[in-house]
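The structure appears below as structure tokens.
Right under this line is the structure:
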């Protein structure tokens with residue numbers, strides 16, 4: 005969102021943040037117990053959501069790189085995430101054949 009940071013999801017359950025201008029890794033976010041299939045920045049770029057085969061959605065503070073929350077409710081892998089335009093909602097899609105809207 006700020007044009008300076010890229011996030012990548014990994015099969016090892018981590019998310020890496022990258023500095024686009026230097027192509028250097030900034031940090032690795034650890035917290036999932038399964039492959040991370042979906043990631044999304046909120047509109048401000050301050051919050052990153054990640055969805056995993058462990059059926060959880062993690063919320064991360066991009067500035068501090070700390071996990072700030074976990075959303076539970078799916079029974080299978082999360083494969084899609086998107087923040088709403090006002091940052092008040094997060095949509096998640098799962099292989100459990102559901103879409104959830106989180107507020």
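In the working numbering, the protein residues as written are 5 to 107.
Ideal Cβ placement from N, Cα and C applies to all residues, glycine included.
As the structure is a prediction and not an experimental result, all values here were calculated from the model.
Check, Outcome
"Pairwise C-alpha distance: residue 45 and residue 31", "16 Å"
"C-alpha distance - residue 63 paired with residue 28, whole-angstrom precision", "23 Å"
"Residue 50 versus 20, 107, 67, residue with shortest Cα-Cα distance", "67"
"Residue 7 in three-state terms, based on DSSP", "coil"
"Cα-Cα separation, residue 60 to residue 54", "8 Å"
"Cβ separation of residue 78 and residue 102, assumed to be a contact under 8 Å, to the nearest whole Å", "7 Å"
"Per-residue burial, residue 72 [other beta carbons within 10 Å of its own, 16 or more giving buried]", "exposed"
"Residue from 21, 8, 20, 14 with nearest C-alpha to residue 38", "14"
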